[in-house]
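Chains as they are written, first to last, in this note's numbering: chain Z, 374 to 629; chain S, 2 to 447. Idealized CB from N, CA, C, for every residue including glycine. Take a look at the structure below.
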């Protein structure tokens with residue numbers, strides 16, 4: 374579904390991604406871990422089409438198409454979804470209005486009839502239950518005045534409504550207390566399916582107790598230095614990232 | 002038919018020709034007032050750039066056009082107005098064409114009992130004394146050229162009298178139409194609203210044109226709000242794209258009254274508005290909201306004055322602007338707190354959204370505070386569409402144009418938050434959206 378080859382990206386002159394290779398197949402959950410500043414969030418943003426990052430080298434193929442050539446909205450319409458680390462507050466635009474516009478833009482793109490207000494509300498109510506989100510948040514401006522936990526639930530709620538093929542969760546666990554973490558993780562697990570791939574970007578292992586990944590990749594200094602199964606995450610929890618960073622610094626090959 | 006002359010004093014020459022017609026009808030005091038105001042205008046002349054109040058706005062385009070007063074009554078058909086935005090709001094309306102009353106287009110049968118609404122000129126014939134304490138008193142024309150000019154030249158206008166205790170559920174619409182004659186025309190519509198005590202009324206005053214032509218609207222509205230009364234004045238200027246518009250709204254509020262002004266400027270090539278409110282009683286609440294949308298080479302200047310003349314009064318002011326193309330805008334918000342006006346609470350804010358790098362905004366708060374126990378806050382912001390918000394919307398599948406539209410709409414809606422009347426609010430939102438769309442497509446921001 375997703376094939377990343379030798380991906381390099383810069384922001385403001387600094388090279389953040391320095392040759393990423395990654396393959397994700399439908400039905401899989403991949404975790405991307407790594408220390409702060411390793412490029413995890415940059416990778417997530419580049420995949421979603423953030424224009425402030427310059428891709429200088431490499432290729433990304435999504436469902437057989439060149440993802441890097443597509444505008445952010447076209448990626449979303451083709452099924453790419455990014456749950457933001459810092460969801461943006463948008464004053465004056467209600468959550469429900471925004472999400473209905475998004476749903477219908479995607480439906481229109483796919484050639485299926487747009488939803489009217491009644492059908493959309495029915496869909497929204499059903500999906501809100503997944504993340505135990507308060508219905509009053511629907512009519513409030515997008516993320517405005519939401520607590521950290523409410524913002525993250527709102528991201529997963531949007532994901533559930535938009536029904537993506539490839540979901541990228543960027544630090545969805547940050548700022549969540551234990552209960553919120555459990556609810557959000559349950560929401561994500563409900564959305565696991567044979568034709569959907571999920572990429573979980575996280576600094577800590579704790580989210581992976583709830584969302585058990587098929588593959589774990591460690592990103593250090595813009596490169597994937599190690600890949601493994603779920604047990605790699607536990608090893609990192611135990612040993613930290615230091616040993617891998619030292620390995621990279623000393624130029625020893627990182628083996629998986 | 003005269004060709005428009007390009008001389009810097011072309012309008013002054015036309016005005017000199019009009020002199021014999023000034024102050025020829027109405028009660029003696031009115032004729033004297035008009036003659037004096039005309040002399041006053043001639044001695045003041047058009048505002049020059051050295052005038053502090055006009056530093057950022059040149060009236061040369063007005064002064065150099067040979068505007069004439071329209072000959073006779075121009076007949077407009079109801080159908081001429083059908084497709085014109087803000088012409089029909091579905092409520093009782095008074096219609097003025099080039100500043101003259103058009104009873105055949107007006108609709109007053111549904112007006113609440115006790116309320117009087119009609120031609121100012123007719124009222125000067127029937128009840129001249131009722132207007133005398135107010136007309137030309139609240140709009141202080143002695144030092145202001147365009148107020149003096151309107152006072153001298155006005156031929157007719159709207160009079161609305163709301164008696165004590167009268168509560169009007171339905172808004173009243175005063176429609177001013179520029180009729181698009183072939184020669185450039187000056188019209189001087191005048192409105193006087195007298196609201197008694199314990200009364201409530203909402204008035205929409207709109208300026209529109211069915212076609213594109215060169216005309217100059219110099220409008221003045223005076224509003225007197227009685228004790229414990231509540232008045233909303235929603236003013237929408239949607240004049241033709243080649244026209245010039247100078248507008249004044251001058252309000253006096255008695256104690257415990259509430260007044261809300263919404264001043265929306267969408268049309269005209271050159272706009273200058275002066276909105277002033279004198280809070281002449283304790284316990285007064287005054288709200289001045291404004292929205293201006295300008296594109297291409299439009300210029301819009303809003304000067305507001307809130308005069309806290311008595312203690313224990315509250316004022317809120319929120320002006321928002323959306324500027325595209327090479328539009329220019331000016332906001333000057335003056336707040337005066339008189340000596341002894343303790344416990345004044347005044348909040349002012351001016352926010353601007355610039356959609357192009359060629360657009361320019363001059364914004365200036367002007368606080369004059371002569372009392373010590375007061376709260377006055379002001380703030381101005383100038384920004385562009387938020388890239389983070391745009392990306393967020395797009396990452397959910399919303400297209401770029403729609404995402405921009407959503408954000409602009411949300412920004413504008415912030416200035417319309419206190420406009421409670423849905424029919425007008427929806428029309429305003431739609432008109433703002435269509436103007437911004439036309440301004441930003443194609444190639445804007447590149």
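In terms of beta-carbon proximity, residue 535/Z lines the interface with chain S, with at least one pair separated by less than 8 angstroms.
The beta carbon of residue 466/Z falls within 8 angstroms of a beta carbon belonging to chain S, placing the residue at that interface.
Residues of the region 401-417 of chain S that bring their beta carbon within less than 9 angstroms of a beta carbon in chain Z comprise 401, 403, 404, 407, 408, 410, 411, 412, 413, 414 and 415, in sequence order.
As far as DSSP is concerned, residue 415/Z takes part in no beta bridge. In this structure, residue 545/Z sits away from residue 534/Z, with a CB-CB distance that is not shorter than 8 angstroms. Per the DSSP secondary-structure output, residue 338/S pairs in a beta bridge with 309/S and 370/S. Taking 8 angstroms as the CB threshold, residue 399/S lines the interface with chain Z.
Beta-bridge annotation (DSSP): residue 235/S is paired with 205/S and 263/S. With a cut-off of 8 angstroms on Cβ pairs, the region 166-182 of chain S is in contact with the region 197-212 of chain S, counting three or more such pairs. Residue contact with chain Z for residue 390/S: present (Cβ-Cβ distance below 8 angstroms to some residue of chain Z).
Distance between residue 57/S and residue 336/S, taken at the CA atoms: about 19 angstroms.
Sequence-distant partners of residue 408/Z (beyond 5 residues in either direction) whose C-beta falls short of 8 angstroms from its own C-beta, in its chain, are 576, 593, 614 and 618. Not a single CB atom of chain Z sits nearer than 8 angstroms to the CB of residue 436/S. The contact set of residue 446/Z on chain S, defined by CB atoms closer than 9 angstroms, consists of 394, 395, 396, 397, 398, 399, 400, 401, 403 and 404 in chain order. For residue 525/Z, the secondary structure class from DSSP, reduced to helix, strand or coil, is helix. For residue 604/Z, the uninterrupted alpha helix (DSSP H) run begins and ends at 603-612, by DSSP.
For residue 256/S, the closest alpha carbon among the candidates 404/S, 62/S and 226/S is that of 226/S.
Within the model, the alpha-carbon separation for residue 112/S versus residue 93/S is close to 6 angstroms. Taking 8 angstroms as the cut-off between beta carbons, the residues of the region 408-430 of chain Z near chain S are 421, 422, 423, 424 and 425, in sequence order. Listed along chain S, the residues sitting closer than 8 angstroms to residue 531/Z by beta-carbon distance are 397. When C-beta atoms of the region 256-276 of chain S are compared with those of the region 403-410 of chain S, fewer than three pairs fall below 8 angstroms, so the two segments do not count as touching.
The count of Cβ pairs closer than 8 angstroms, one atom from the region 504-514 of chain Z and one from the region 549-564 of chain Z, reaches three, so the stretches are in contact. Taken through DSSP and simplified to helix, strand or coil, residue 396/Z comes out as strand.
A straight-line Cα-Cα distance of about 10 angstroms links residue 573/Z and residue 585/Z. Using a CB distance cut-off of 8 angstroms, residue 519/Z does not count as an interface residue toward chain S.
With the rule of 3 Cβ pairs closer than 8 angstroms, the region 380-400 of chain S does not count as touching the region 289-298 of chain S. By a beta-carbon distance limit of 8 angstroms, residue 400/Z does not contact residue 606/Z. Their separation comes to about 19 angstroms. Interface residue (Cβ-Cβ distance to chain S less than 8 angstroms): residue 483/Z is not classified as such. In this structure, DSSP gives residue 63/S a helical state, which the three-state scheme calls helix.
For the 8 angstroms CB-CB criterion, residue 457/Z and residue 523/Z do not form a contact. CA-to-CA, the gap between residue 101/S and residue 284/S works out to about 38 angstroms. Contact between residue 464/Z and residue 517/Z holds, since their C-beta atoms are separated by about 6 angstroms, short of 8 angstroms.
The alpha helix (DSSP H) runs lying completely inside the region 79-127 of chain S and spanning 4 residues or more are 79-83 and 121-127, given in chain order.
In the assembly as shown, residue 333/S is a buried residue. Its beta-carbon has 16 or more other beta-carbons within 10 Å.
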